[in-house]
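To start, the structure itself, in structure tokens.
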Amino acid sequence: MKIIGTGSAVPSKSVSNEMLTGFLNTSDEWISTRTGIRTRRILTNEKLEDLAVDATRAALESAKISPDEVDFFICSNVSNNYVTPSLSAIVQEAVGSHAPCIDLNGACAGFIYSLDFADAYLQTDRAKNILILCAEEPTRFCDWHQRETSVLFGDGAGAVVVTKGDGLQSLHLTASPDKDVIYYKRRLENTPYEHRGVDVDEPLVMQGREVFRMAVESSQKDLDIVMTKAGVTSEQVDYFLLHQANMRIIKAIREQIKQPEEKFPTNIERYGNTSSASIPILLDELSREGKLKQDAILALSAFGAGFVTGAAVMKWNTINYD
Ligand code: COA
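So for the sequence shown, my numbering puts the first residue at 4; every next one is plus one.
Structure representation (structure tokens):
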């Protein structure tokens with residue numbers, strides 16, 4: 004599998020840490036030193052579908068294929084307005100594609116999980132071009148009265164088009180079930196057969212310190228596994244593209260891998276944690292800036308609610324955006 008197109012989109016509204024102090028007992032100093040986040044983008048007058056469509060169109064355009072040439076469409080998403088139809092079905096209608104489509108909830112590791120699904124389809128000749136879209140609005144599942152969670156997230160969408168090729172060198176997924184460490188619950192209707200009383204939504208609940216610990220530990224292990232499988236050393240990796248959850252998590256992983264800071268590009272300072280969209284947005288930015296040279300070795304690693312994790316090593320093929 005190789006990536007032949009990338010795209011991304013973020014909401015127009017940028018919200019600084021300072022702006023949050025108007026209604027939350029927090030400070031720019033606390034947020035930036037504990038997380039590295041300075042601003043985040045938040046959906047206001049746009050919808051998640053708009054971002055998703057923009058990112059998808061940009062990815063198709065750079066891959067130089069039409070919507071009709073997409074054979075399979077995977078959308079990584081945790082939550083959006085519609086429970087059904089899937090977000091992939093909604094975006095597909097908007098971009099004019101007719102491929103089989105499915106949403107995948109791999110939380111913040113959704114991009115790596117999607118790459119694995121796509122690879123299986125390509126390897127079994129069930130598709131030629133696959134679109135992977137990660138579209139997320141985590142700001143809509145936080146309780147904005149809770150400073151512990153709401154300051155961490157931002158909305159965004161990132162997409163890639165993949166086809167057969169020699170890019171993917173190795174991939175590894177894990178799940179170590181622990182639903183209580185980070186979860187978000189939706190209210191369901193009562194039935195005549197089961198009354199749960201007043202069932203309520205539970206906005207994001209997170210044990211921050213435990214998630215931090217699990218993130219650092221799993222990412223380091225996963226990266227070790229995929230680098231070994233791919234036969235590359237950390238010195239040979241040009242860029243480590245890590246899930247953008249917290250700058251201190253990225254720093255802790257970097258210190259264990261013992262590689263220079265320049266190899267760990269970030270966008271968390273501008274966008275916060277955009278869940279599964281964070282790696283594809285970063286990939287799109289770096290690729291469009293011309294920072295990813297032909298045959299550059301990339302190591303990807305992400306983790307999220309579940310607790311699920313995924314990592315991959317890819318050899319980059321440059322994309323022409325003209
Ligand atoms: N502003 C100001 N103070 C805050 C705050 C905020 N936004 N959020 C929490 N605090 C306070 C706490 O109430 C606590 O106060 P206390 O000492 O008086 O009890 C203090 O800051 C320390 O809280 P703690 O939770 O121990 O901070 P921390 O150093 O662990 O940082 C996180 C908290 C959430 C930033 C950090 O644990 C983290 O990033 N975890 C991973 C989260 C994550 O990545 N989730 C998504 C995974 S995909």
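Glycine included, C-beta positions come from ideal geometry on N, C-alpha and C.
From a predicted model like this one, the values you see are computed outputs, not experimental measurements.
8 Å contact criterion, which R44 and V13 should meet: CB distance rounded
4 Å
List the endpoints of the continuous beta strand (DSSP E) containing R44.
Per DSSP, the unbroken beta strand (DSSP E) holding R44 starts and ends at T42 to R44.
Between V81, L27 and T321, which has its C-alpha nearest P141's C-alpha?
V81
Where does I105 land, buried or exposed, given buried means 16+ other C-beta within 10 angstroms?
Exposed, by the Cβ-count rule.
Keeping to the same chain, check which residues put their C-beta closer than 6 Å to that of I185; ignore five residues upstream and five downstream.
Excluding residues within five positions, the ones whose Cβ falls inside 6 Å are M209, V214 and A308.
Could you check whether the Cβ of S19 sits closer than 7 Å to any heavy atom belonging to ligand 1?
no
C-alpha distance - L109 paired with T29, whole-angstrom precision:
Reading off the sequence, residue 109 comes out as Gly, not Leu. Computed Cα separation, rounded: 30 Å.
Measuring CA to CA, which of S69, A62 and Q172 is closest to A162?
A62
For K67 versus T47, is the C-beta spacing smaller than 8 Å?
No, these two residues do not count as a Cβ contact at 8 Å.
Are the CB atoms of D287 and G10 nearer to each other than 8 Å?
yes
Sorry if obvious, but does the Cβ on N80 come closer than 7 Å to a heavy atom of ligand 1?
no
Whole-angstrom distance between R216 and K318, CA atom to CA atom
29 Å
Count the other CB atoms within 10 Å of the CB of N193; is the residue buried (16 or more) or exposed (fewer)?
exposed
For the alpha helix (DSSP H) that contains F267, what are its first and last residues?
Careful: F267 lies outside any alpha helix (DSSP H) and carries neither H nor E.
Beta carbon of I6, beta carbon of V235: below 8 Å?
no
Please state the DSSP three-state secondary structure of S237.
coil
In chain order, what residues of the same chain lie with their CB nearer than 6 Å to the CB of T152, ignoring the 5 residues before and after it?
Correct list, in chain order: C145, L207 and M209.
Only counting runs of 4 or more residues, tell me where the alpha helix (DSSP H) segments fall wholly within the region 90-143, in order along the chain.
90-98 and 113-126
Does at least one heavy atom of ligand 3 sit under 7 Å from the Cβ of G109?
Ligands in the displayed structure: ligand 1; ligand 3 is not one of them.
For G8, which of A112, I135 and E197 has the nearest alpha-carbon?
I135
Hey, I40 and V219: beta-carbon distance below 8 Å or not?
The answer is no: Cβ separation not under 8 Å.
Hey, is E205 close to ligand 1, as in C-beta under 7 Å from one of its heavy atoms?
E205: no, Cβ never under 7 Å from ligand 1.
N-terminal and C-terminal residue of the alpha helix (DSSP H) that S19 is part of:
Here S19 belongs to no alpha helix (DSSP H); instead the beta strand (DSSP E) covers S17 to S19.
State the beta-bridge partners of P77 as determined by DSSP.
It is Ile, not Pro, that sits at residue 77 in the sequence shown. DSSP lists I105 and I135 as partners of I77.
Of all the options A280, Q172 and S221, which has the alpha carbon lying nearest to the alpha carbon of A255?
S221
Once the 5 residues before and after S281 are set aside, which same chain residues still bring their CB inside 6 Å of it?
Exclusion of the five residues before and after S281 leaves H246 and Q247 as the residues of its chain whose Cβ lies within less than 6 Å of its Cβ.
Would you grab the beta carbon distance between L176 and Y116 for me? Rounded to a whole angstrom, and I think it's under 8 Å.
6 Å
Output needed for H101: all residues of its chain with C-beta closer than 6 Å, excluding positions within five of it in sequence on either side, in chain order.
none
Specify the secondary structure class of Q172 as computed by DSSP and reduced to three states.
strand
Taking 8 Å as the threshold (C-beta atoms), are L191 and A302 in contact?
no
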